[in-house]
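Novice:
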Amino acid sequence: MEDIRTPETSKPQRRVGIRWNYKRIAVALAVVIFAVSLIGYGTYSLAKLIFAGSGPKSVAEKPVKVAAAVYAAPSSTTTTTEPKHIKYTVKEGDSYYLIALEYSTTIEEIKKLNRVSDDDNDLKIGMVLKVPVKELPPEEAAKAQVQDETAASAGQPAMKASAKELFKGPVDKKRVALTFDAGEASEATPRILDALKDAKVKGTFFLTGKWIEENAELTKKIVSEGHSVGNHSYSHVDFTKQTDNEIVYQLSKADELLMSLTKTSMKPIFRPPYGARDGRVLRVAARAGYTSIYWTVDSLDWKQGMKPEQVKNRTLAGLTNGSVVLMHCGSSQTAEILPGLIKDIESRGYELVTVPQLFEQ
Numbered sequence: 001m002e003d004i005r006t007p008e009t010s011k012p013q014r015r016v017g018i019r020w021n022y023k024r025i026a027v028a029l030a031v032v033i034f035a036v037s038l039i040g041y042g043t044y045s046l047a048k049l050i051f052a053g054s055g056p057k058s059v060a061e062k063p064v065k066v067a068a069a070v071y072a073a074p075s076s077t078t079t080t081t082e083p084k085h086i087k088y089t090v091k092e093g094d095s096y097y098l099i100a101l102e103y104s105t106t107i108e109e110i111k112k113l114n115r116v117s118d119d120d121n122d123l124k125i126g127m128v129l130k131v132p133v134k135e136l137p138p139e140e141a142a143k144a145q146v147q148d149e150t151a152a153s154a155g156q157p158a159m160k161a162s163a164k165e166l167f168k169g170p171v172d173k174k175r176v177a178l179t180f181d182a183g184e185a186s187e188a189t190p191r192i193l194d195a196l197k198d199a200k201v202k203g204t205f206f207l208t209g210k211w212i213e214e215n216a217e218l219t220k221k222i223v224s225e226g227h228s229v230g231n232h233s234y235s236h237v238d239f240t241k242q243t244d245n246e247i248v249y250q251l252s253k254a255d256e257l258l259m260s261l262t263k264t265s266m267k268p269i270f271r272p273p274y275g276a277r278d279g280r281v282l283r284v285a286a287r288a289g290y291t292s293i294y295w296t297v298d299s300l301d302w303k304q305g306m307k308p309e310q311v312k313n314r315t316l317a318g319l320t321n322g323s324v325v326l327m328h329c330g331s332s333q334t335a336e337i338l339p340g341l342i343k344d345i346e347s348r349g350y351e352l353v354t355v356p357q358l359f360e361q
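For the sequence shown, the positions run 1 to 361 when UniProt numbering is used.
#1: Use the C-beta contact count for Glu336: other C-beta atoms within 10 angstroms, 16 or more gives buried, fewer gives exposed.
#2: For the putative contact between Val355 and Ala182, defined by C-beta atoms under 8 Å, what is the C-beta separation to the nearest angstrom?
#3: Is the distance from the Cβ of Val223 to the Cβ of Leu352 below 7 Å?
#4: Please state if the CB of Asn231 and the CB of Leu251 are separated by a distance shorter than 7 Å.
#5: Please tell me whether Tyr88 and Leu129 are closer than 7 Å, where the distance is taken between their beta carbons.
#6: Considering only the alpha carbon of each residue, which of Tyr234, Asp194 and Leu166 lies closest to Glu184?
#7: Beta-carbon within less than 8 Å of Glu61's beta-carbon, same chain only, minus the 5 sequence neighbours each way: which residues are those?
#8: For Ser331, which residues of its own chain have a beta-carbon under 7 Å away from its beta-carbon, when the five flanking residues on both sides are left out?
#9: Provide the residue span of the alpha helix (DSSP H) that contains Arg314, from first to last.
#10: If the criterion is Cβ atoms closer than 7 Å, does the pair Thr291 and Pro268 meet it?
#11: Between the alpha carbons of Ala317 and Asp344, how many angstroms are there, rounded?
#12: Nearest to Glu214 by alpha carbon, out of Val237, Leu257, Phe239 and Val229?
#13: Going by alpha carbons, who is nearest to Ile125 out of Lys307, Lys253 and Glu225?
#14: Straight-line CA distance for Pro83 to Lys168?
#15: Counting only runs of 3+ residues fully inside the stretch 221-295, write out the beta strand (DSSP E) ranges in chain order.
#16: Given a cut-off of 7 Å on the beta-carbon distance, is the pair Val90 and Leu123 in contact?
#17: By how many angstroms is the C-alpha of Arg271 removed from the C-alpha of Thr320?
#18: In the DSSP output, what is residue 444 paired with across the bridge?
#19: Secondary structure at Ala154, three-state DSSP: helix, strand or coil?
#20: Could you check how far apart the C-beta atoms of Thr179 and Thr204 are, in whole angstroms? I think they sit under 8 Å.
#21: How big is the Cα-Cα spacing for Leu326 and Ile99?
#22: Give the DSSP-derived three-state secondary structure of Glu351 in the structure shown.
#23: If you run the structure through DSSP and keep just helix, strand and coil, what is Lys164?
#24: Measure the alpha-carbon distance for Val31 versus Ile25 and round it to whole angstroms.
#25: If you drop the 5 nearest sequence neighbours on each side, which residues of the same chain put their C-beta closer than 6 Å to that of Pro132?
#26: Starting from Thr179 and walking both ways along the beta strand (DSSP E), at which residues does that stretch end?
#27: Here's the rule: buried if 16 or more other CB atoms are within 10 angstroms of the residue's CB, otherwise exposed. What is Asn245?
#28: Leaving aside the five residues before and after Glu309 along the sequence, list all residues of the same chain whose C-beta is less than 8 Å from its C-beta, in chain order.
#29: Going by beta carbon distance, what residues of the same chain come within less than 7 Å of Arg314, once the five residues before and after it are set aside?
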């Protein structure tokens, strides 16, 4: 009889626990870290998609750098053809509504033309606004024509307003511009003008509105003798600490004073008081019709303790093609050394020109 063997019953298997070692622990930690990172990134991306654009955006203004050594012509400008307008000086009791009503325009059009807010609290007595009109009054049309003819007769090249700051002219020409800032003092100005006249040299004067008010005859002489005039604000305030509207007010008031006295505009060149400016200031000024003119050489004629010969030597040492030299109308040191300085500059082969001539294209 054939033996029939009963199949052996398989023995139950014993589970063997995972034996952990340093290598397995490291791999496990890496997997956990990767998983947590993936979950965190996914959560962040989802939140960004949901809330993008819902919060306020804050963009920090970068300070303007003037370290570049080569002049490049502005690639773009903010100059546009403005609609016909008059300049209106704000009086006590004025509001945007009343001004718009008087000249048959809208608050929105005034706001757009001046690039200001329509908050009546921003209006200041003496502030000059551009108010759009269908036709210029005869006196305004005549004033605009005289302004154009004055610039042409002075032989000054046309410049355009731009948010790109200029501080050095083309390096392929041996040209230098002497500039004189007028803030408060004026005692040395007649001697400076005499030195320029004797040397048959034209300079560029950056005047404040208050200086114009206090020195009307000197201002007329600066213009009549063919010098260029730029805007240096009304009251020599730090533009970086002013609102957009306050900057426009400072520029427009100073320009209005020069226009009323000499029928000459300061546009399109200005120099920020103290040299204080940032990207916002340059953009606001450009919208108001100006380009910032900085300097290449600071003569330090404003610094207490600087002797005339030190001012002269410092200026000569810093000269290169296209230099813009910073000096001051109230500096007795500058008045003393200017005749000799002009001779030394010209003996080195440089031509002395105005700022518009230096940057002509």
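Glycine included, every Cβ here is placed at the ideal spot set by N, Cα and C.
Here the structure is a predicted model, which means the values were calculated and not measured.
Specialist: Checking against the coordinates, here is how it stands:
#1: Position 336 of the sequence shown, counted from the first residue, corresponds to residue 336. Glu336 should be labelled buried.
#2: In the sequence shown, the residue the question calls residue 355 occupies position 355. In the sequence shown, the residue the question calls residue 182 occupies position 182. With a Cβ gap of about 15 Å, Val355 and Ala182 do not count as contacting.
#3: For this step, residue 223 is matched to residue 223 along the sequence shown. For this step, residue 352 is matched to residue 352 along the sequence shown. Not closer than 7 Å, so no.
#4: Counting from one through the sequence shown, the residue named residue 251 turns up at place 251. Counting from one through the sequence shown, the residue named residue 231 turns up at place 231. Here Leu251 is near Asn231, since their CB atoms are less than 7 Å apart.
#5: Taking the first residue of the sequence shown as 1, we reach residue 88 at position 88. Taking the first residue of the sequence shown as 1, we reach residue 129 at position 129. It is a contact, given that the beta carbons lie within the stated cut-off.
#6: Taking the first residue of the sequence shown as 1, we reach residue 184 at position 184. Glu184 has its Cα closest to that of Tyr234, out of Tyr234, Asp194 and Leu166.
#7: Within the sequence shown, residue 61 is the residue found at index 61, counting from 1. Here Glu61 scores only 35 on pLDDT, less than 50, and its place in the model should not be relied on; the value that follows carries that caveat. Same-chain partners within the cutoff: Asp278, Gly279 and Arg280.
#8: Translated into positions along the sequence shown, residue 331 becomes position 331. Beyond the five residues adjoining it in sequence on each side, Ser331 comes within less than 7 Å, by CB distance, of Ala188, Asp301 and Trp302 in the same chain, given in chain order.
#9: On the sequence shown, residue 314 is found 314 positions in, with the first residue counted as 1. Its alpha helix (DSSP H) spans residues Pro308 to Gly318.
#10: Taking the first residue of the sequence shown as 1, we reach residue 291 at position 291. Taking the first residue of the sequence shown as 1, we reach residue 268 at position 268. Yes; because the gap between Cβ atoms is below 7 Å, this pair is in contact.
#11: Taking the first residue of the sequence shown as position 1, residue 317 is located at position 317. Taking the first residue of the sequence shown as position 1, residue 344 is located at position 344. Rounded to the nearest angstrom, the two C-alpha atoms are 11 Å apart.
#12: For the purposes of this step, residue 214 is identified with residue 214 of the sequence shown, where counting begins at 1. Among Val237, Leu257, Phe239 and Val229, the Cα nearest to that of Glu214 is on Leu257.
#13: Position 125 of the sequence shown holds residue 125. Nearest of Lys307, Lys253 and Glu225 to Ile125, Cα basis: Lys253.
#14: Translated into positions along the sequence shown, residue 83 becomes position 83. Translated into positions along the sequence shown, residue 168 becomes position 168. Each residue's alpha carbon lies about 33 Å from the other.
#15: 228-231
#16: Reading the sequence shown from its first residue, position 90 is the one you call residue 90. Reading the sequence shown from its first residue, position 123 is the one you call residue 123. Cβ distance < 7 Å, so Val90 and Leu123 count as in contact.
#17: Here residue 320 refers to the residue found at position 320 when the sequence shown is read from its first residue. Here residue 271 refers to the residue found at position 271 when the sequence shown is read from its first residue. Cα to Cα, Thr320 sits roughly 21 Å from Arg271.
#18: Beyond the ends of the chain as shown, which are 1 and 361, falls residue 444; an answer cannot be given.
#19: By 1-based counting over the sequence shown, the position of residue 154 is 154. Low per-residue confidence applies at Ala154: pLDDT is 47, beneath 50, and the placement is therefore not dependable enough to give any value.
#20: Position 179 of the sequence shown, counting from 1, holds the residue named residue 179. Position 204 of the sequence shown, counting from 1, holds the residue named residue 204. The pair is a contact, with the Cβ atoms about 5 Å apart (cut-off 8 Å).
#21: As a working note, residue 326 is residue 326 in the sequence shown. As a working note, residue 99 is residue 99 in the sequence shown. When rounded, the distance between both Cα atoms is 41 Å.
#22: Counting from one through the sequence shown, the residue named residue 351 turns up at place 351. Residue state, collapsed to three classes: strand.
#23: One-based indexing of the sequence shown puts residue 164 at position 164. Coil.
#24: Taking the first residue of the sequence shown as 1, we reach residue 31 at position 31. Taking the first residue of the sequence shown as 1, we reach residue 25 at position 25. Distance between the alpha carbons of Val31 and Ile25: 10 Å.
#25: The residue you call residue 132 lines up with position 132 of the sequence shown. Only Pro83, His85, Thr105, Glu109 and Leu113 meet the Cβ criterion.
#26: The residue labelled residue 179 in the question sits at position 179 within the sequence shown. Thr179 -> beta strand (DSSP E) spans Arg175 to Ala182.
#27: As a working note, residue 245 is residue 245 in the sequence shown. Burial call: buried.
#28: The count along the sequence shown starts at 1 and reaches residue 309 at position 309. So the qualifying residues of the chain are Ile337.
#29: The residue given as residue 314 occupies position 314 in the sequence shown. Here the set comprises Ser299 and Leu300.
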